[in-house]
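Numbering-wise, my numbering comes out as the position in the sequence shown, counting from 1, plus 5. Taking it in order: structure first as structure tokens, then the write-up.
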Amino acid sequence: MRNWFLAEPKVKSIDNFAGSFTDIWRDFRVLMVIPPLTVALYICVVMSVMMFIERVYMTVVVMLVKIMGKKRYTRYKLEALKEDLEQNRRYPMVLVQIPMYNEKEVYKLSIGSVCSLTWPSDRLIVQVLDDSTNQFLRKLVESECKKWIERGVNVKYETRNNRNGYKAGALREGLNKDYVTDCEFVVIFDADFQPDKDFLWRSVPYLLENPELALVQARWKFVNANECIMTRLQEMSLAYHFAVEQEVGSSTCQFFGFNGTAGVWRIKAIEDAGGWKDRTTVEDMDLAVRASLKGWKFLFVGNLEVKNELPSTFKAYRYQQHRWSCGPANLFKKMFKEIILCERVSFYKKFHVLYAFFFVRKIIAHWVTFFFYCVVIPITIMVPEVKLPKPVAIYIPATITILNSACTIRSLHLIVPWILFENVMSFHRSKAAIIGLLGANRVNEWVVTEKLGNSTKPQSSISRPSPTTTRTTRSHLGERLHFAELIMGLSLAYIACYDMIFGKDNMYIYLLLQSCAFFVVGVRYVGISTLN
6 MRNWFLAEPK VKSIDNFAGS FTDIWRDFRV LMVIPPLTVA LYICVVMSVM
56 MFIERVYMTV VVMLVKIMGK KRYTRYKLEA LKEDLEQNRR YPMVLVQIPM
106 YNEKEVYKLS IGSVCSLTWP SDRLIVQVLD DSTNQFLRKL VESECKKWIE
156 RGVNVKYETR NNRNGYKAGA LREGLNKDYV TDCEFVVIFD ADFQPDKDFL
206 WRSVPYLLEN PELALVQARW KFVNANECIM TRLQEMSLAY HFAVEQEVGS
256 STCQFFGFNG TAGVWRIKAI EDAGGWKDRT TVEDMDLAVR ASLKGWKFLF
306 VGNLEVKNEL PSTFKAYRYQ QHRWSCGPAN LFKKMFKEII LCERVSFYKK
356 FHVLYAFFFV RKIIAHWVTF FFYCVVIPIT IMVPEVKLPK PVAIYIPATI
406 TILNSACTIR SLHLIVPWIL FENVMSFHRS KAAIIGLLGA NRVNEWVVTE
456 KLGNSTKPQS SISRPSPTTT RTTRSHLGER LHFAELIMGL SLAYIACYDM
506 IFGKDNMYIY LLLQSCAFFV VGVRYVGIST LN
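Shown next as structure tokens:
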């Protein structure tokens, strides 16, 4: 009996300890978890609504333009302009620049396509700007240039001893050559772009008709969109960019971001804007914004397509997305004051550039996609005190998704993989955008997107992930893993299991799918695999 009474206080002390621990955890949740999570939720809700309004606005504009048949480029009578040009025979001098860097697989395609352009040979200069570090490859490119010179094409093969300024530096030095003095327009094609023969006839007349035009931008056509699931998903995102974002910018304030290639510039506009600058990794966007602030106008020609290649390896795509996300954020930081103080353009145009073009599309879109759908929503499942409004969690994202994917009807059956893949990539893009805003490490990292020339290769010669390939690369397993994505996958899988056991809203279905997507990307089992 004495032992019983002696043991009783111990039981009470354990109960007291358990109760104290529960109280401490409850207080910690109330003070340290719920308030910041609530604030984060409200911020994400606001950003999500901002993105929703922007998407709906662009959709309405595009629909009105199509219904009324008033795309800006259709206001020009192109055929009449071409006939007048042929009759007067006052052909402007055109420079075509092809910047390249170790482009072993595609240099023949680009040089051959550009040299085949139909334009008076005495009014056309093809400038191959070769920054290759491989001396053997340089000789091959130079030999290809000599072959076209013998056929009567005015080809200039230019090299540098350094890569200062990367692509911007090469383009800038190319424009400084003596023989460029008489050129009125410059056309830029990246090394994997293959323009049709009549490209100049379908673009230059617009610039001749309207002296206020600085840029005519063509649309990209992807020759390897069917290469793998990753290229199909890229096609869905880029189709929206061209069909909606570029069209809206051209139709409203005649401004949009230059895509860096497949565009014709008025050289006078480039000089007026201050020339090419290498202060960010998006030198094309930098030039476009500066030219716009000088009052120049842009024209997007949606029915003029130029064939090119999408990155089909995940490594190449990852580097590309880092550059495309980090560069705009860094440029936004550097040009914010300049845009605000610009007196040459209207308030509407400045608002469009700062709010819509930069803030919503280049920053908010990445942050909402990752922080809201991959961080905040999962955490609210673990903290049920924070209520998630269903319209924001379900209806708004569903509407945005439908609007974004409607431009690629043939891939609508891939909408679920596309959403999951975009959410995973938003993790990488959000990090890159933060690096750009802070000017942190890797802010000026420039890695040329690898091209494989897959459009000219038989399908059997392209290596895809397979058990055999996996066995041959096990020694490089550490190089294949992306641990941040794997950690995100594990976290979402844990929360999914928690929701499956204790939750009532069936969010575990989405969380399990998203977790699998992070795992797939984490082990880089996406895109095609190349055996080196």
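Where a beta carbon is used, it is the ideal one built from N, C-alpha and C, also for glycine. Computed from a predicted structure; not experimentally measured.
Short check: CB of residue i to CB of residue j, under 9 angstroms?
i, j, result
"Met-105", "Asp-127", "no"
"Val-294", "Val-358", "yes"
"Val-99", "Cys-188", "yes"
"Pro-4", "Ile-368", "In the structure displayed, the chain extends from 6 to 537; residue 4 sits before or after that span and is not available."
"Tyr-78", "Val-448", "no"
"Asp-283", "Ala-296", "no"
"Gly-444", "Lys-273", "no"
"Glu-149", "Gly-117", "yes"
"Glu-314", "Val-228", "yes"
"Lys-152", "Tyr-162", "no"
"Leu-408", "Thr-64", "yes"
"Thr-285", "Gly-170", "no"
Out of curiosity, what's the CA-to-CA distance linking residue i and residue j?
i, j, result
"Glu-490", "Cys-521", "10 angstroms"
"Leu-243", "Val-365", "17 angstroms"
"Gly-532", "Ser-496", "24 angstroms"
"Gln-140", "Arg-95", "41 angstroms"
"Val-312", "Ala-398", "Position check: residue 312 holds Lys in this sequence, whereas Val was assumed. Rounded to whole angstroms, Lys-312 to Ala-398 spans 38 angstroms at the Cα level."
"Met-235", "Leu-90", "43 angstroms"
"Ala-321", "Ile-401", "32 angstroms"
"Leu-425", "Phe-303", "34 angstroms"
"Ala-223", "Glu-310", "6 angstroms"
"Met-493", "Leu-220", "42 angstroms"
"Tyr-499", "Gln-519", "12 angstroms"
"Val-528", "Pro-316", "18 angstroms"
"Lys-82", "Ala-248", "22 angstroms"
"Thr-473", "Val-525", "Only weak support is given to the placement of Thr-473: the predicted model assigns it a pLDDT of 39, under 50, and the question is left unresolved by the model."
"Thr-374", "Tyr-515", "14 angstroms"
"Ala-267", "Trp-225", "8 angstroms"
"Ile-275", "Gln-251", "20 angstroms"
"Arg-177", "Glu-450", "19 angstroms"
"Lys-509", "Thr-43", "20 angstroms"
"Tyr-530", "Leu-517", "18 angstroms"
"His-487", "Phe-523", "10 angstroms"
"Asn-428", "Arg-485", "20 angstroms"
"Thr-164", "Phe-57", "47 angstroms"
"Asn-215", "Trp-281", "23 angstroms"
"Val-67", "Lys-75", "10 angstroms"
Let me check understanding here. Comparing Cα to Cα, which of the options lies closest to residue i?
i, options, result
"Ile-384", "Asp-504, Pro-125, Gln-140 and Asp-203", "Asp-504"
"Val-119", "Tyr-96, Ile-193 and Phe-303", "Ile-193"
"Arg-434", "Gln-325, Thr-454 and Leu-292", "Gln-325"
"Gly-547", "Val-287, Trp-372, Met-63 and Trp-124", "No information on residue 547 is available, as it lies outside the stretch 6 to 537 that the chain covers here."
"Arg-349", "Gly-458, Glu-450, Leu-298 and Ser-256", "Leu-298"
"Gln-259", "Thr-164, Phe-362, Ile-439 and Arg-323", "Phe-362"
"Pro-97", "Lys-75, Pro-210 and Lys-71", "Pro-210"
"Tyr-184", "Gly-170, Tyr-530, Arg-323 and Ile-130", "Ile-130"
"Val-453", "Met-340, Leu-145, Thr-404 and Arg-168", "Arg-168"
"His-418", "Leu-292, Met-241 and Gly-280", "Met-241"
"Met-52", "Ser-208, Tyr-171, Asn-181 and Phe-377", "Phe-377"
"Asn-446", "Asn-335, Leu-142, Glu-110 and Gly-170", "Asn-335"
"Val-158", "Ala-501, Ser-121, Phe-57 and Lys-172", "Ser-121"
"Ser-255", "Lys-144, Val-70, Val-61 and Glu-155", "Val-70"
"Cys-49", "Lys-172, Cys-379, Glu-232 and Thr-257", "Cys-379"
"Glu-59", "Lys-202, Thr-413 and Ile-405", "Ile-405"
In the DSSP output, which residue or residues are listed as bridge partners for residue i?
i, result
"Lys-302", "Leu-218"
"Arg-224", "Glu-310"
"Lys-161", "Gln-132"
"Val-192", "Val-101 and Val-269"
Take residue i and list the residues in its own chain whose beta-carbon comes closer than 7 angstroms to its own, dropping the five residues that flank it on each side.
i, result
"Trp-206", "Lys-87 and Thr-123"
"Ser-465", "A caution first: Ser-465 carries a pLDDT of 44, below 50, which makes its placement in the model too unreliable to give a value."
"His-371", "Ser-330, Ser-431, Arg-434, Ser-435 and Ala-438"
"Cys-347", "Leu-298 and Lys-355"
Within the same chain, show all residues whose beta-carbon is closer than 6 angstroms to that of residue i, passing over the 5 residues directly before and after it, in chain order.
i, result
"Ala-45", "Val-381"
"Pro-14", "Reliability fails at Pro-14, whose pLDDT of 46 lies under 50, so the model's placement of it is uncertain and no value is given."
"Gly-265", "Asp-289"
"Pro-41", "none"
"Lys-355", "Ile-344"
"Tyr-513", "Ala-501, Asp-504 and Met-505"
What residues in its chain sit with their C-beta under 8 angstroms from that of residue i, if we drop five residues either side in the sequence?
i, result
"Ser-115", "Ile-103, Met-105, Glu-108, Phe-194, Asp-195, Ala-196, Asp-197, Phe-198 and Gln-199"
"Ile-39", "Val-388, Glu-390 and Val-391"
"Ser-410", "Met-241, Tyr-245, Ser-416, Leu-417, Ile-420 and Trp-423"
"Leu-218", "Tyr-211, Leu-212, Arg-271, Trp-301, Lys-302, Phe-303 and Leu-304"
"Tyr-353", "Cys-258"
Residue i: beta carbon under 8 angstroms from a heavy atom of the ligand PLP?
i, result
"Arg-177", "No copy of the ligand PLP appears in this structure; indeed no ligand is present at all."
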